[in-house]
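K.L.:
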Amino acid sequence: MAGTKFFPTRIRDMILAALFAAIVAVLSQLSVPVPISPVPITGQVLGVFLAGGILGARLGSLSLLLYVLLGAIGLPLFAGARGGFTVLVGPTGGYIWGFIVGSYILGKIVDVLQNARMGAYARTALGMCGCLVAVYALGTIQLAIVLGISFSKALAIGVLPFVPLDVAKLVAATVLSVAVRQALVSAKILEKSCKDIRTPGPR
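All letters in the sequence shown, in the order written, are residues 244 to 446 by my numbering.
The structure is reproduced here in C-alpha cells:
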C-alpha cells in the first residue's frame, strides 16, 4: 500500500514543481529595463510569491531550484531571455539565488503561523514579506560586491525603485495564492497544511 501512495505523490510533486518553474520562467520574460538601475522590472517576484504561497516551503523552493538549474545550464529562462551561469554570478544573480531562499521562507512562515489566530491572507502576506526581504538582501549583497559599490548605493539602485511595484505584486499574489491553494486542497491535490504536501495524511 505504501508504494501505491508514494509514486503518485512523487509524480504529483514533480509535475507541480515543473509547472511553477515554467510559470516563473514565463513571468521572467516580462522584463522592462530601468534607466537608473542594472536591475530590470520583471514578473519573477510574482512567480516566486505564487510558488511559495501555493506549494509551500519544500515544493515551492524545489520549483525555484529547478528554474535556476535550467537557467544555469543555458536555457533562456532568466529575465530578458538570458541563460547561463554567468547570469547567476553577475550583478543581478543574487536576486535569483534569493528566489530559492525566499520561497522556502515564505512557506515556512505560513506553516509556523498555521495555528496562530491569523487568517490565511495575513499569514500568506507576512510570508511574502519575509520572502521579499530575503530576495532583496541577497540581491543587494551580490550587486554591491560585483559592481564594487557600497551596500547603501546598491540598496538605492537595486531595491528602492522596485518597492512600490513589488508591494502591489505581493497584494495580488496573496489573494491569488490563497484562492488557488484552497481550490487545490478542495480537489485533494494538496494537503491543507503546506508542510503536509509530501505525505498525504489521514482522510
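Cβ coordinates follow ideal geometry from the N, Cα and C atoms, glycine included.
Quick one: Cα of Tyr347 to Cα of Pro278, how far?
P.N.:
The straight-line gap from Cα to Cα measures roughly 31 Å.
K.L.:
Taking Ser280 as the reference, give the member of Gly401, Thr335 and Ile297 with the closest Cα.
P.N.:
Measuring from the Cα of Ser280, the nearest candidate turns out to be Gly401.
K.L.:
Mind the definition here: the stretch 372-384 touches the stretch 332-343 only if three or more C-beta pairs lie below 8 Å; say whether that holds.
P.N.:
Taking 8 Å as the limit for Cβ pairs, the verdict is that the stretch 332-343 does touch the stretch 372-384.
K.L.:
CA-CA distance, Phe231 and Ile352?
P.N.:
Coverage of the chain is limited to positions 244 through 446, which leaves residue 231 absent and any answer about it impossible.
K.L.:
Let's test the definition: count the other Cβ atoms within 10 Å of the Cβ of Arg446 and tell me whether it reaches 16, buried, or not, exposed.
P.N.:
Confidence in Arg446 is poor, its pLDDT being 36 and thus under 50, which makes the residue's placement too unreliable to answer from.
K.L.:
Decide if Val410 is buried, meaning its Cβ has at least 16 other Cβ atoms within 10 Å, or exposed.
P.N.:
Per the 10 Å Cβ criterion, exposed.
K.L.:
For Ala268, count the other beta carbons within 10 Å of its own beta carbon; 16 or more makes it buried, fewer makes it exposed. Which is it?
P.N.:
With 16 or more Cβ atoms within 10 Å of its Cβ, Ala268 is classed as buried.
K.L.:
Pull up the CB-CB distance for Ala397 and Leu386, whole angstroms please, since I reckon it's below 8 Å.
P.N.:
With a Cβ gap of about 4 Å, Ala397 and Leu386 count as contacting.
K.L.:
So what's Val360 in DSSP terms, helix, strand or just coil?
P.N.:
The sequence given here places Arg at residue 360; Val does not occur at that position. Three-state DSSP puts Arg360 in coil, outside helix and strand.
K.L.:
Using beta-carbon positions only, say whether Gly317 and Ser420 come within less than 8 Å of one another.
P.N.:
Cβ distance not < 8 Å, so Gly317 and Ser420 don't count as in contact.
K.L.:
Count the other C-beta atoms from every protein chain shown that fall within 10 angstroms of the C-beta of Lys435, then say buried if there are 16 or more, exposed otherwise.
P.N.:
So Lys435 ends up on the exposed side.
K.L.:
Relative to the C-alpha of Leu309, which candidate in Ala260, Pro276 and Tyr364 has its C-alpha closest?
P.N.:
Here the closest residue by C-alpha is Ala260.
K.L.:
Starting from the C-beta of Phe328, find all residues in its chain whose C-beta is less than 6 Å away, skip the five residues before and the five after it, and write them out in chain order.
P.N.:
Correct list, in chain order: Ala315.
K.L.:
Thinking C-beta only, is Leu356 closer than 8 Å to Arg366?
P.N.:
Contact flag set, yes.
K.L.:
Which term fits Phe321, buried or exposed, when burial requires 16 or more other beta carbons within 10 angstroms of its beta carbon?
P.N.:
By the 10 Å Cβ count, Phe321 comes out buried.
K.L.:
Give the range of the beta strand (DSSP E) segment to which Pro276 is assigned.
P.N.:
Counting along the chain, the beta strand (DSSP E) containing Pro276 begins and ends at Val275 to Val277.
K.L.:
Taking Ser271 as part of the beta strand (DSSP E), name the residues at either end of that continuous run.
P.N.:
Counting along the chain, Ser271 falls outside any beta strand (DSSP E), though it belongs to the alpha helix (DSSP H) covering Ala245 to Ser271.
K.L.:
Could you pull out every residue in the same chain whose Cβ sits closer than 6 Å to the Cβ of Leu313, ignoring the five residues on either side in sequence?
P.N.:
Excluding residues within five positions, the ones whose Cβ falls inside 6 Å are Leu320.
K.L.:
Cutting at 7 Å between CB atoms, please list the residues of its own chain near Val389, excluding the five before and the five after it.
P.N.:
Cβ within range, chain order: Gly333 and Pro334.
K.L.:
Does Ser280 come out as helix, strand or coil in the three-state DSSP assignment?
P.N.:
In the structure shown, Ser280 sits in a strand (DSSP, three-state: E or B).
K.L.:
Rounding to the nearest angstrom, what Cα-Cα distance links Val275 and Val406 in this structure?
P.N.:
Their Cα atoms are separated by approximately 15 Å.
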